Amino acid sequence: MNETNRPGLVRRLLRALFSPSARWSVFALLLVGLVVGAGSVIGTQVAVAVSGTDEFCGTTCHSHEKFVYPEHKLSLHYANRTGVRPACVDCHVPHSYPAELIVKARAGATDAYAELRGTIATQAKFDHERWRLANIVWDEMRANNSANCRTCHNPAAMDAMKQSEDAVSQHKKFAAGKATCIDCHTGVAHKNPEPPKEIEKAAQASK
Ligand code: HEC
Ligand code: HEC
Ligand code: HEC
């Protein structure tokens, strides 16, 4: 047999894929399609749920277990009067498809790579990087009008009688579209990071 005249593997595979099936009924093919489709939908949902717990986000990576999660635990967004506890994903991952999957896939890849490289593996490295990291979060929140905050906090549901005068007058800026939650409320789940210059100044002053 002349080997050189045989079509290559890729070409044979493509031909098999695109020629009508003689062996399988349309029903069987539909069934396979349905099972594979349902399998991927359920698989994605399970993956999103498993990778969306505070346990996963807060302890899978050494850096988050050591520096990030403990700070969250000290904040009002961990334990409060009403017992509503926002999870990491409530603030950090979009609440709609497909944005949720895209952000999770992107963050999963970049964060895993940074963790392997040890970008924020020590307290000093974390302190050095957190201003940059916080700014990424702030930029996102400014761009989407603090959408994640507003999944829980609805300005229309705020009772002005129960808020301080300061809060009420400042919140008018939100209604007027002049500012968004994150412009005024930073550091609500972590320590408010300081800009690098301030850190340097503080270091100089303590010498
Ligand atoms: C899962 C729901 C949820 C999300 C998401 C959420 N919060 Fe809250 N927030 C709460 C709860 C619950 C409290 C505490 C209410 C109480 O008991 O007084 C609170 C309290 C606050 C307070 C009051 C702090 C104080 O000292 O009294 C501010 C300000 C605030 N949140 C801002 C934000 C901002 C900004 C975001 C987005 C980055 C955000 N929240 C996201 C639920 C949420
Ligand atoms: C222009 C600045 C500004 C913006 C924008 C803003 N806030 Fe505030 N907010 C304040 C100030 C100032 C206070 C009062 C702080 C205090 O009394 O300690 C406050 C108080 C609060 C409180 C506590 C209320 C209380 O009396 O216990 C919550 C919750 C809150 N803001 C949530 C939000 C959310 C959610 C958004 C976005 C929808 C938002 N704020 C937008 C400035 C702002
Ligand atoms: C209530 C909303 C909220 C919750 C809950 C929350 N974060 Fe954040 N996170 C923020 C905001 C806002 C910033 C930007 C910096 C700031 O203002 O504190 C931030 C910043 C960060 C940063 C950048 C470094 C830094 O400290 O600024 C990391 C990493 C992070 N969050 C991870 C987490 C993880 C992991 C959890 C859960 C254990 C979590 N966050 C829970 C709102 C939240």
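Each residue of the sequence shown is one higher than the one before, starting from 287 at the first, in this note's numbering.
Glycine is no exception: its CB is placed at the ideal position from the N, C-alpha and C atoms.
Being a predicted model, the structure only gives us computed values, none of them experimental.
Element boundaries [alpha helix (DSSP H), containing residue i]
| i | result |
| --- | --- |
| CYS347 | Per DSSP, CYS347 belongs to no alpha helix (DSSP H) and is neither H nor E. |
| PRO356 | 355-360 |
| MET427 | 409-429 |
| ALA302 | 295-304 |
| GLN331 | 312-336 |
| ILE468 | 467-470 |
| VAL284 | In the structure as shown, the chain begins at 287 and stops at 493. Residue 284 is therefore absent and cannot be evaluated. |
| LYS390 | 385-403 |
| CYS377 | 374-378 |
Integer Cβ distance of residue i from residue j, believed to fall under 8 Å
| i | j | result |
| --- | --- | --- |
| PRO479 | ALA420 | 5 Å |
| ALA407 | HIS348 | 7 Å |
| VAL334 | GLU386 | 7 Å |
| LEU316 | SER307 | 12 Å between Cβ atoms; not a contact. |
| THR466 | SER432 | 5 Å |
| ALA446 | VAL454 | 5 Å |
Reference residue i, options the options, closest by Cα
| i | options | result |
| --- | --- | --- |
| SER361 | ALA475, GLU386, PRO482 | ALA475 |
| PRO481 | ARG418, GLY323, GLU351, CYS435 | ARG418 |
| ASP469 | SER455, MET427, ASP397 | MET427 |
| VAL375 | SER450, ASP340, CYS438 | ASP340 |
| VAL354 | LYS477, ALA491, LYS483, ALA489 | LYS477 |
| ARG499 | LEU295, VAL389, VAL379, ALA446 | Past the boundaries of the shown model lies residue 499; the chain is included only from 287 to 493, so the question cannot be answered. |
| ASN434 | ALA443, ALA442, VAL423 | VAL423 |
| ARG371 | TYR383, CYS343, SER382, HIS358 | HIS358 |
| HIS350 | ALA429, LYS411, LYS493 | LYS411 |
| LYS464 | LYS448, LEU303, LYS493, ALA429 | ALA429 |
Below-8 Å beta-carbon distance, residue i vs any chain D residue
| i | result |
| --- | --- |
| HIS476 | The structure shown contains no chain D; it holds only a single protein chain. |
Cβ-heavy atom distance, residue i to ligand 3, below 7 Å
| i | result |
| --- | --- |
| TYR355 | yes |
| LEU494 | Past the boundaries of the shown model lies residue 494; the chain is included only from 287 to 493, so the question cannot be answered. |
| GLY394 | no |
| THR472 | yes |
| ALA475 | yes |
| GLY294 | no |
| GLY344 | yes |
Cβ-heavy atom distance, residue i to ligand 1, below 7 Å
| i | result |
| --- | --- |
| ALA441 | The sequence given here places Pro at residue 441; Ala does not occur at that position. Answer for PRO441: no, Cβ out of range of ligand 1. |
| THR339 | no |
| MET444 | no |
| ASN421 | no |
| VAL454 | no |
| MET447 | no |
| VAL389 | no |
| ARG309 | no |
Any non-hydrogen atom of ligand 2 closer than 7 Å to residue i Cβ
| i | result |
| --- | --- |
| SER432 | yes |
| ARG436 | yes |
| CYS377 | no |
| THR466 | yes |
| SER361 | no |
| LYS459 | yes |
| ASP397 | no |
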